[in-house]
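Have a look at the structure below, then the notes.
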Amino acid sequence: MADWKIKRQILQAASFLLVLTGLLTAYIIYLSTWEADSLANNPLNMRGAAARADIRRGAILDAKGRVLAQNRADGSRSYPMGESMAAVTGYNGEKIGSAGVEGHANRELLGLSDDLSHLGPASQLFQSEQGNDVKLTIESDAQQAAFDGLDGRKGAVVVLDAETGAVLAMVSSPSYDPNDIEANWQALSKQADGALLNRAVQGMYPPGSTIKPMIADAALAESVTNEQEVFDCSGTLDVGAGETIRESHGEVHGKVNLRKALTESCNVTFGTLGMRLGDEKLKKSFERFGFDKGLGGEILMEGSHLPAFGKLGSGDLAQTGIGQSTLLVTPMHMALMAAAFANGGVIMKPYLVQQVITPGGTVIQDTRPTKWLTATTPTMAAKIDSFMEDVVTKGTGRAAQVSGVRVTGKTGTAENAAGEDHAWFIGSAELRNRRIVFAIIVENGGSGGTQAAPIARKVILSLQN
Amino acid sequence: MKNWGLMAAPLGIVLFGMSVLYLKMNPGGSKLTAEVLQGPLNYVPWLAAVILLALFIQAVIIKRREDTFLFPIVLTLCSVGIVEIARLKPALLVRQLQWLCVAMIVMILVLRFWGRIRRMLGYPYLLGVACIFLLGLPLLFGTEIGGSKNWLVLGPISIQPSEFGKILIVFFLAAYLSDHRRVLTLPAHRIFLLQLPPLRFIAPLICIWGMAVLMFVVEKDLGSALLFFGMAVLMTYMATGSKSYVFLALAFIGVAAAASYAAFGHVRVRFDIWLNPWQDPNGMAYQVVQSLFAFGTGGIWGTGFGYGHPGFIPEVHTDFIFAAIAEEMGLIATMMLMTCYVLFFWRGIKTALSCRKEKEVLLAAGCCSLMLLQAFIIIAGVTKFLPLTGITLPFISYGGSSMVSSFVLLGLLISLSKEQEHG
Numbered sequence: 286m287a288d289w290k291i292k293r294q295i296l297q298a299a300s301f302l303l304v305l306t307g308l309l310t311a312y313i314i315y316l317s318t319w320e321a322d323s324l325a326n327n328p329l330n331m332r333g334a335a336a337r338a339d340i341r342r343g344a345i346l347d348a349k350g351r352v353l354a355q356n357r358a359d360g361s362r363s364y365p366m367g368e369s370m371a372a373v374t375g376y377n378g379e380k381i382g383s384a385g386v387e388g389h390a391n392r393e394l395l396g397l398s399d400d401l402s403h404l405g406p407a408s409q410l411f412q413s414e415q416g417n418d419v420k421l422t423i424e425s426d427a428q429q430a431a432f433d434g435l436d437g438r439k440g441a442v443v444v445l446d447a448e449t450g451a452v453l454a455m456v457s458s459p460s461y462d463p464n465d466i467e468a469n470w471q472a473l474s475k476q477a478d479g480a481l482l483n484r485a486v487q488g489m490y491p492p493g494s495t496i497k498p499m500i501a502d503a504a505l506a507e508s509v510t511n512e513q514e515v516f517d518c519s520g521t522l523d524v525g526a527g528e529t530i531r532e533s534h535g536e537v538h539g540k541v542n543l544r545k546a547l548t549e550s551c552n553v554t555f556g557t558l559g560m561r562l563g564d565e566k567l568k569k570s571f572e573r574f575g576f577d578k579g580l581g582g583e584i585l586m587e588g589s590h591l592p593a594f595g596k597l598g599s600g601d602l603a604q605t606g607i608g609q610s611t612l613l614v615t616p617m618h619m620a621l622m623a624a625a626f627a628n629g630g631v632i633m634k635p636y637l638v639q640q641v642i643t644p645g646g647t648v649i650q651d652t653r654p655t656k657w658l659t660a661t662t663p664t665m666a667a668k669i670d671s672f673m674e675d676v677v678t679k680g681t682g683r684a685a686q687v688s689g690v691r692v693t694g695k696t697g698t699a700e701n702a703a704g705e706d707h708a709w710f711i712g713s714a715e716l717r718n719r720r721i722v723f724a725i726i727v728e729n730g731g732s733g734g735t736q737a738a739p740i741a742r743k744v745i746l747s748l749q750n
Numbered sequence: 474m475k476n477w478g479l480m481a482a483p484l485g486i487v488l489f490g491m492s493v494l495y496l497k498m499n500p501g502g503s504k505l506t507a508e509v510l511q512g513p514l515n516y517v518p519w520l521a522a523v524i525l526l527a528l529f530i531q532a533v534i535i536k537r538r539e540d541t542f543l544f545p546i547v548l549t550l551c552s553v554g555i556v557e558i559a560r561l562k563p564a565l566l567v568r569q570l571q572w573l574c575v576a577m578i579v580m581i582l583v584l585r586f587w588g589r590i591r592r593m594l595g596y597p598y599l600l601g602v603a604c605i606f607l608l609g610l611p612l613l614f615g616t617e618i619g620g621s622k623n624w625l626v627l628g629p630i631s632i633q634p635s636e637f638g639k640i641l642i643v644f645f646l647a648a649y650l651s652d653h654r655r656v657l658t659l660p661a662h663r664i665f666l667l668q669l670p671p672l673r674f675i676a677p678l679i680c681i682w683g684m685a686v687l688m689f690v691v692e693k694d695l696g697s698a699l700l701f702f703g704m705a706v707l708m709t710y711m712a713t714g715s716k717s718y719v720f721l722a723l724a725f726i727g728v729a730a731a732a733s734y735a736a737f738g739h740v741r742v743r744f745d746i747w748l749n750p751w752q753d754p755n756g757m758a759y760q761v762v763q764s765l766f767a768f769g770t771g772g773i774w775g776t777g778f779g780y781g782h783p784g785f786i787p788e789v790h791t792d793f794i795f796a797a798i799a800e801e802m803g804l805i806a807t808m809m810l811m812t813c814y815v816l817f818f819w820r821g822i823k824t825a826l827s828c829r830k831e832k833e834v835l836l837a838a839g840c841c842s843l844m845l846l847q848a849f850i851i852i853a854g855v856t857k858f859l860p861l862t863g864i865t866l867p868f869i870s871y872g873g874s875s876m877v878s879s880f881v882l883l884g885l886l887i888s889l890s891k892e893q894e895h896g
């Protein structure tokens with residue numbers, strides 16, 4: 286007969302074991318709940334990456350449904366348009382990370398739905414093994430035309446739909462071929478301002494004369510001049526402190542009103558207006574057009590570098606009026622400025638992703654155009670727009686003319702420290718069913734009218750049909 | 474005969490496990506293809522054999538009026554184990570089913586010949602010598618597999634003597650302690666605050682402790698060492714109720730641990746990994762760190778069976794199977810398994826409390842404690858609760874020796890549970 290003492294001792298030992306097990310249980314609960322997220326997201330944890338590698342990445346399509354990026358049977362990624370589309374598609378590689386739409390729309394392309402991971406096994410019901418397709422606003426023809434137009438020269442082209450903000454083309458040159466970027470990564474990543482820099486949204490350039498439509502808008506809105514006033518251009522403008530502003534090529538425009546001054550890109554007139562506007566009003570107008578803002582999301586645009594308003598001398602004010610000084614802007618921003626005049630003073634927020642489409646063909650996300658800024662009034666926009674039409678019909682931008690299409694524009698030939706002037710052309714075109722705006726820069730290309738405006742013509746022709 | 478309904482349980486559980494498996498075999502990105510499993514014809518006969526044996530055993534248990542809960546609990550654990558092995562190492566599925574058959578047959582033998590087996594309790598010293606002999610075998614003829622030199626390779630099969638040694642040690646402790654219970658509690662010597670009997674009585678205990686340390690240092694088998702040592706301490710307390718032994722044992726292990734930390738590199742490595750696995754997460758601590766990631770990734774609900782990546786953990790189908798379960802089935806499943814072990818333990822303790830003979834009380838308590846302690850040590854190891862040790866998760870991990878010895882323990886417990894009914 287086993288005595289009660291043994292049984293009591295067994296119960297004590299058993300309780301001790303159960304307490305140990307209870308402690309372990311509590312610890313496991315702690316691991317699986319409190320600690321779970323930090324463990325799951327630990328950079329050394331390859332499970333997330335492995336789960337994503339199991340998913341067949343969706344395709345990137347252009348506005349007409351043509352393939353811009355898709356997976357081959359072996360899992361590698363192919364980019365049919367190669368380097369001409371690289372600024373849009375970006376790249377995606379295990380070792381090099383991702384950029385462009387590949388990076389921004391990564392979750393959509395993988396079909397990862399938000400916050401389903403906490404549903405556990407049920408999340409697998411929503412997780413397909415084929416990611417979603419992402420349909421962009423890009424028109425491949427315009428993109429190709431712009432890329433061909435740059436013809437290997439350094440520069441950038443941005444084409445937008447003025448009424449929606451849809452990005453129709455975004456080109457940066459020099460470019461890279463995303464098909465074999467991993468093999469060339471070493472060389473590419475070493476270049477400071479090389480192919481990996483998306484000049485369309487990250488490149489900072491002095492706008493030169495392309496800023497003049499905005500200065501004209503500011504001068505009229507702030508009543509520092511009117512349409513009737515006649516400026517006398519003698520070829521040079523004394524801006525004080527012994528500095529002068531000259532016309533390019535030593536031209537003399539004589540007596541010009543504001544419309545004529547813009548058409549002929551008269552530096553004397555706009556230098557004068559810059560000085561008349563002064564710090565405060567210039568700053569206000571740059572802010573109205575959003576030059577102090579960047580963009581996030583799918584279009585990572587840098588904010589502009591504005592002159593130090595409040596401390597500017599009259600020389601700097603005059604230089605700002607003709608787009609020089611320390612003012613630096615991105616091509617995307619100049620396209621947005623052009624959009625304000627083409628779209629009744631309203632700038633729509635630019636976007637690239639039009640739709641996200643499931644493998645089954647259901648559209649799960651459809652981007653609606655949204656307003657970004659009201660830059661100016663519809664009347665003022667229409668007025669400046671008509672000034673800009675003159676630039677193309679009888680001014681410096683005649684190379685952008687397309688028969689049967691109303692084209693507006695403004696040329697720019699921006700002096701810069703890097704050497705030869707940058708050639709700019711910004712403007713808009715009224716096509717059958719939409720109003721497009723564009724900004725083109727050819728780095729160190731020389732004259733905007735002869736180097737950049739013909740590219741606009743090519744882009745317009747590619748979109749005409 | 475309302476208990477006959479319980480017979481459906483083992484069948485249902487195994488069938489459920491296999492149906493989950495079948496779901497996974499359907500197309501849809503699964504890595505578990507028919508080719509890997511070499512077709513259902515290969516494993517279905519073995520599965521059928523397992524189910525038939527399970528039904529037979531449960532029928533025997535019911536007929537003999539023994540504890541009807543222990544076996545279904547174990548089958549639950551086995552089903553989870555089989556399903557996990559089919560998921561993790563499909564090539565080993567048939568092997569595991571075969572081992573399960575062997576284990577169940579051995580268990581039937583234990584149930585059948587219980588009358589003779591219980592007589593072994595009368596020969597404690599023979600048991601002790603046999604145990605030392607068994608554990609000593611690998612020291613002489615051992616082969617090192619997976620970092621531990623505790624394997625005997627006999628032709629096509631390798632066995633782990635320590636898996637069977639643990640049964641003998643429970644027998645030995647039960648027999649020896651109940652024989653010498655009264656002597657051991659005699660306060661013959663007083664050393665500081667400890668009350669100790671003459672040395673010759675505690676010599677066998679010290680012998681076991683020393684063996685455990687030896688196993689660790691020479692065979693690098695920390696898991697078994699901890700298990701043997703823990704069992705010795707637990708059962709000594711159960712039999713004597715003397716805290717002096719516990720203190721003595723803790724002091725002993727403390728000194729031994731400090732000495733081996735200072736003297737042996739592999740001990741130091743294990744301990745340092747436990748203290749700070751993030752120092753070398755891709756090197757020495759890789760296994761533990763990956764195991765922790767598995768727990769974190771699984772979270773509460775798991776990633777879903779077949780949707781995790783337990784393959785990152787080396788040896789995931791044996792020692793780390795618990796981490797794989799945590800990753801794919803989440804906290805829910807790990808809690809269920811813990812509950813199964815605790816329920817098993819509790820039924821075992823209940824059995825022990827209802828036994829009449831002192832030796833059998835200790836044997837039953839020892840058997841079920843051994844199971845829980847083994848599960849505790851390995852689960853604590855994979856979760857970094859304790860330093861990592863290499864032992865199997867009873868009834869779940871892949872491994873023949875472990876499966877057979879666990880079923881022997883189960884057979885012993887069930888046989889002991891008979892007594893309560895017949896008095």
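Those sequence lines, one after another, are chains A and B.
Quick note, the first sequence lines up with residues 286 to 750 if you use our numbering.
Quick note, the second sequence lines up with residues 474 to 896 if you use our numbering.
We put the CB at the ideal spot given by N, CA and C, even for glycine.
Which residues in chain A have a C-beta closer than 9 Å to the C-beta of residue 799/B? List them in chain order.
Around residue 799/B, the beta-carbon contacts reaching into chain A at under 9 Å are 313, 316 and 317.
Give the DSSP-derived three-state secondary structure of residue 617/A in the structure shown.
helix
Tell me the rounded alpha-carbon separation between residue 585/A and residue 382/A.
The straight-line gap from Cα to Cα measures roughly 16 Å.
Quick check on DSSP: helix, strand or coil for residue 532/A?
coil
Look at the alpha carbon of residue 854/B and the alpha carbon of residue 359/A, and state the distance between them as a whole number of angstroms.
40 Å
What is the residue span of the alpha helix (DSSP H) that residue 418/A lies within?
Careful: residue 418/A lies outside any alpha helix (DSSP H), inside the beta strand (DSSP E) at 418-421.
Is it buried or exposed, residue 738/B, if we count other Cβ atoms within 10 angstroms and call 16 or more buried?
Around the beta carbon of residue 738/B, fewer than 16 other beta carbons sit within 10 angstroms, so the residue counts as exposed.
Could one say the Cβ of residue 746/A lies closer than 8 Å to chain B's Cβ atoms, at least one of them?
no
Between 582/A, 550/A, 539/A and 331/A, which lies nearest to residue 500/A when the distance is taken from Cα to Cα?
550/A
Taking residue 605/A as the reference, which of 558/A, 626/A, 646/A and 575/A has the closest Cα?
558/A
Counting only beta-carbon separations shorter than 8 Å, does residue 330/A have a partner in chain B?
yes
Report yes if the CB atom of residue 722/B is closer than 8 Å to the CB atom of residue 650/B, and no otherwise.
Their beta carbons are not under 8 Å apart, which means residue 722/B does not touch residue 650/B by this criterion.
Exposed unless 16 or more other CB atoms sit within 10 angstroms - verdict on residue 750/A:
exposed
Give me the residue from 651/A, 581/A, 445/A and 478/A with the minimum Cα distance to residue 725/A.
445/A
Please list, in chain order, the chain A residues whose beta carbon lies closer than 8 Å to that of residue 842/B.
298, 299 and 302
Where does residue 749/B sit, in a helix, a strand or coil, going by DSSP?
coil
Against chain B, with Cβ distances strictly below 8 Å, would residue 295/A count as a contact?
yes
If we ignore side chains and look at the alpha-carbon of each, how far apart do residue 566/B and residue 519/B end up?
10 Å
Between the Cα of residue 433/A and the Cα atoms of 306/A, 740/A, 745/A and 556/A, which residue gives the shortest distance?
Minimum Cα distance to residue 433/A is reached at 740/A.
In whole angstroms, what separates the C-alpha of residue 720/B from that of residue 554/B?
38 Å
Taking residue 313/A as part of the beta strand (DSSP E), name the residues at either end of that continuous run.
Element bounds for residue 313/A: not the beta strand (DSSP E) but the alpha helix (DSSP H), 289-317.
Kindly give me the distance between the Cβ atoms of residue 306/A and residue 811/B, rounded to whole angstroms, as I take these residues to be in contact under 8 Å.
7 Å
Do residue 427/A and residue 453/A have their CB atoms nearer than 8 Å?
Annotated as proximal: residue 427/A and residue 453/A, with beta-carbon spacing under 8 Å.
How close, in whole Å, do the beta carbons of residue 794/B and residue 807/B come, if the pair is a contact with beta carbons under 8 Å?
With a Cβ gap of about 11 Å, residue 794/B and residue 807/B do not count as contacting.
Three-way DSSP call (helix, strand, coil) for residue 366/A in this model
Coil at residue 366/A, not helix or strand.
DSSP three-state call for residue 712/A: helix, strand or coil?
strand
Between residue 321/A and chain B, is the shortest Cβ-Cβ distance under 8 Å, so that the two count as touching?
yes
Between which two residues does the beta strand (DSSP E) containing residue 516/A stretch?
516-518
Cβ distance (whole Å) where residue 676/A is taken to contact residue 548/A below 8 Å:
Contact between residue 676/A and residue 548/A is confirmed by a C-beta separation of about 5 Å, below the 8 Å threshold.
Should the stretch 633-644 of chain A be called in touch with the stretch 598-614 of chain A, which here means at least 3 C-beta pairs below 8 Å?
no
May I ask you to report which of helix, strand or coil DSSP gives residue 687/A?
Here residue 687/A carries a strand assignment [DSSP, helix/strand/coil].
7 Å Cβ shell around residue 613/B - same chain, five flanking residues per side excluded
Excluding sequence neighbours, residue 613/B sits near nothing in its chain.
Report buried or exposed for residue 617/B, applying the criterion of at least 16 other Cβ atoms within 10 angstroms of its Cβ.
exposed
Output needed for residue 649/A: all residues of its chain with C-beta closer than 8 Å, excluding positions within five of it in sequence on either side, in chain order.
417, 641, 642 and 643
Taking Cβ-Cβ distances shorter than 8 Å, what residues in chain B pair up with residue 358/A?
Per Cβ cutoff of 8 Å: no residues; residue 358/A is ~15 Å from chain B at best.
Let's see if you can read the secondary structure: which residues bound the beta strand (DSSP E) around residue 594/A?
Where residue 594/A is concerned, there is no enclosing beta strand (DSSP E), given that its DSSP letter is neither H nor E.
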